[in-house]
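One structure is given here, and the rest of the page talks about it.
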Amino acid sequence: MTGSPRPPLSRRTLIGTGLGAAVLAATGTGTAQAAPGPSAASAARRAQAFLTAAMDAYPDHGAIRLTQSYTDQAGLFSTAFTYDNALAILAHLACPAGESRAVALGDALLYAQAHDPAHDDGRLRQAYNVGPYTFYDGSPQPDGFVRADGTANVGTQFGFTGTAVGDMAWAGIALAALAGRTGGRRFLTGAVRIGEWIERVGRTDEPLGGYRFGVDGADKKLPFTSTEHNTDLVGLFGRLARLTGDKVWRERRARARAFVERMWEPSGGFFYTGTNDGVTINRSPIPEDTQTWTQLALASRAHARSLDWAAAELAVLDTADRPNSTVPSGQSYEGVTFSSASLLANEAAPIADGQPRPDRNGVWFEGTAHLALALRHRGHPGDEKRARGLLGSIERAQELLGDAQTVGGTALPARSGVVSASSPLDTGFGFGYYPYRHTGATAWYLLATTRANPLRG
11 MTGSPRPPLS RRTLIGTGLG AAVLAATGTG TAQAAPGPSA ASAARRAQAF
61 LTAAMDAYPD HGAIRLTQSY TDQAGLFSTA FTYDNALAIL AHLACPAGES
111 RAVALGDALL YAQAHDPAHD DGRLRQAYNV GPYTFYDGSP QPDGFVRADG
161 TANVGTQFGF TGTAVGDMAW AGIALAALAG RTGGRRFLTG AVRIGEWIER
211 VGRTDEPLGG YRFGVDGADK KLPFTSTEHN TDLVGLFGRL ARLTGDKVWR
261 ERRARARAFV ERMWEPSGGF FYTGTNDGVT INRSPIPEDT QTWTQLALAS
311 RAHARSLDWA AAELAVLDTA DRPNSTVPSG QSYEGVTFSS ASLLANEAAP
361 IADGQPRPDR NGVWFEGTAH LALALRHRGH PGDEKRARGL LGSIERAQEL
411 LGDAQTVGGT ALPARSGVVS ASSPLDTGFG FGYYPYRHTG ATAWYLLATT
461 RANPLRG
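In the numbering used here, the protein residues as written are 11 to 467.
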């Protein structure tokens with residue numbers, strides 16, 4: 011490994027919040043009682059109910075709103091990650107009667123673009139606050155998504171003030187999808203503004219090429235270049251090329267794709283995570299999303315083995331007898347973990363200060379949904395059966411894990427929302443995932459169960 015492949019700005023970074031293992035256990039991570047497996051239709055309806063509840067959690071704080079990313083028990087208060095909200099838009103569009111909610115979330119992202127407290131260049135921040143709370147140091151955060159002065163309520167308490175190319179790409183994909191569905195010119199304009207910001211800020215002429223990571227909260231450009239982010243750009247630029255008819259987006263798509271293909275390891279059949287300096291490839295850890303999102307974005311026969319690599323090399327089975335597992339007795343969950351480093355995590359040490367110790371076999375349900383969807387789209391013999399097994403594991407998790415969790419202090423509809431992970435897991439990238447119901451994991455489940463490929467250009 012040639013240094014940390016991803017900086018603290020990563021859209022998945024969850025800052026340590028002082029929640030220890032005792033608190034994690036107290037929030038209710040499931041019930042030990044067995045239950046019949048839910049039907050796919052019922053599970054999808056309850057997943058939609060979770061997205062609805064997380065979007066409507068603060069009714070007294072304005073109609074312009076985003077969806078809270080995690081349940082309150084995660085300790086991130088009313089944080090709404092831009093990436094999660096882009097996924098929520100795409101999931102609503104993929105589900106019956108979801109278009110009006112998708113439009114409302116799209117308009118909220120456009121509001122954030124137009125009402126940033128410091129910039130007027132089309133950027134979105136990593137996350138926003140969508141409801142009031144009192145921070146750990148006692149400082150109040152009284153506003154909803156729209157602050158009293160009319161600006162968007164950027165997530166400053168946790169330092170979620172930077173802008174990553176990956177987050178922007180997903181927001182652009184969501185806005186472009188809205189433009190294609192509704193014909194709303196405003197959504198296409200917003201998506202184009204995002205694409206142009208990425209071109210200005212991210213494009214690099216370093217030897218490996220592609221588009222770099224983005225900027226931190228002080229607007230300083232970050233030197234990293236991510237396979238995941240450039241994969242996202244293949245999807246965004248492809249959509250913009252189709253919707254605008256402008257050939258410049260095809261050239262930009264080709265540039266992002268060329269970087270992704272340079273990260274391919276033919277001897278192992280997988281993609282590396284990216285580069286720190288534009289010259290040297292980071293060879294460890296190897297993450298799940300660079301294996302599955304590449305299949306969704308590229309649909310490349312030459313690289314289709316990446317799904318087999320992820321399914322075999324990142325496979326986990328979480329049971330109650332595992333060290334540090336929080337899975338109730340009598341239950342088990344299958345799927346994939348976050349990265350090759352997750353399988354080697356130090357189970358004797360906490361993931362971060364104040365956090366619980368990791369379970370090497372913790373299932374990352376968002377990634378498990380990535381894999382299920384990618385298998386369905388690849389369509390090799392046996393892929394649908396494998397995908398259905400993975401989706402069944404996610405559906406059992408929604409049924410049984412994450413009891414008694416709330417959003418905005420309000421109880422969720424029964425058995426609604428997919429937890430991020432079956433047990434605490436260490437990603438190997440400086441942060442962890444925990445058994446809290448999560449907008450992103452739930453949205454990816456809905457995309458997988460409806461076979462909706464968000465990265466198809």
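Glycine included, each C-beta is placed from N, C-alpha and C at the ideal position.
Is the beta carbon of PHE197 less than 9 Å from the beta carbon of GLN136?
no
So what does ASN292 bridge to, in DSSP terms?
GLY284
Are GLN432 and THR285 touching if we call contact CB-CB under 9 Å?
With the sequence shown as reference, residue 432 is identified as Ser, and Gln is not the correct amino acid for it. Contact flag unset, no.
Do ALA98 and THR378 have their CB atoms nearer than 9 Å?
no
Under the rule that 16 or more other beta-carbon atoms within 10 Å means buried, what is ARG265, buried or exposed?
buried
What do you reckon, are the CB atoms on LEU61 and ALA382 nearer than 9 Å?
no
Identify whether ALA187 lies in helix, strand or coil by the three-state DSSP scheme.
helix
Taking only the alpha-carbon atoms, compute the straight-line gap between ARG191 and THR144 and give it to the nearest angstrom.
Distance from the CA atom of ARG191 to the CA atom of THR144, rounded to whole angstroms, is 39 Å.
Which same chain residues end up closer than 8 Å to GLU109 when comparing Cβ atoms and leaving out the 5 residues on each side of it in sequence?
A distance below 8 Å between beta-carbons, with the five flanking residues on each side excluded, links GLU109 to the following residues of its chain, in chain order: HIS102, LEU103, ARG191, THR192.
Those runs of the beta strand (DSSP E) which lie wholly inside the region 85-134 and span at least 3 residues
89-91
I need the boundaries of the beta strand (DSSP E) containing GLY345, first residue and last residue.
342-346
Measuring CA to CA, which of PRO295, SER342, ARG252, GLU216 is closest to THR235?
GLU216
LEU400 - partner residues in DSSP beta bridges
Bridge partners of LEU400: none, in fact.
In angstroms with no decimal places, state the Cα-to-Cα distance between GLN83 and VAL225.
29 Å
Let's test the definition: count the other Cβ atoms within 10 Å of the Cβ of TYR343 and tell me whether it reaches 16, buried, or not, exposed.
buried
One question on the structure: do SER483 and ASP436 come within less than 9 Å of each other, judged by their Cβ atoms?
The structure shown does not extend to residue 483, since the chain is modelled only from 11 through 467, so no value can be given for it.
Let me know the secondary structure DSSP gives THR452 once reduced to three states.
helix
Report the residue from ALA359, LEU308, GLY279 whose alpha carbon sits nearest the alpha carbon of ALA320.
GLY279
Pick out the complete beta strand (DSSP E) segments inside the region 195-237, 3 residues or longer, and give them in chain order.
none
Could you check where the alpha helix (DSSP H) with THR302 kicks off and where it finishes?
299-308
Measuring CB to CB, does ASP415 end up less than 9 Å from ARG56?
The identity of residue 415 in the sequence shown is Gln, whereas the question assumes Asp. Their beta carbons are not under 9 Å apart, which means GLN415 does not touch ARG56 by this criterion.
Taking all protein chains shown into account, decide if ASP369 is buried (16 or more other Cβ within 10 angstroms of its Cβ) or exposed.
buried
Less than 8 Å between the CB atoms is what I'm expecting for GLY182 and TYR68, so what's the real figure, rounded?
About 26 Å; that fails the 8 Å criterion.
Taking DSSP as the reference, what is the three-state secondary structure of GLY165?
strand
Measure the alpha-carbon distance for ASP363 versus THR347 and round it to whole angstroms.
22 Å
If I'm right that LEU134 touches MET178 with Cβ under 8 Å, what's the distance once you round it to whole angstroms?
Between MET178 and LEU134 the Cβ distance is about 6 Å, and since that is below 8 Å, they are a contact.
Does the distance from the C-beta atom of ALA162 to that of ARG249 stay below 9 Å?
Result no, Cβ atoms of ALA162 and ARG249 do not sit closer than 9 Å.
Three-state secondary structure assigned by DSSP to VAL270
helix
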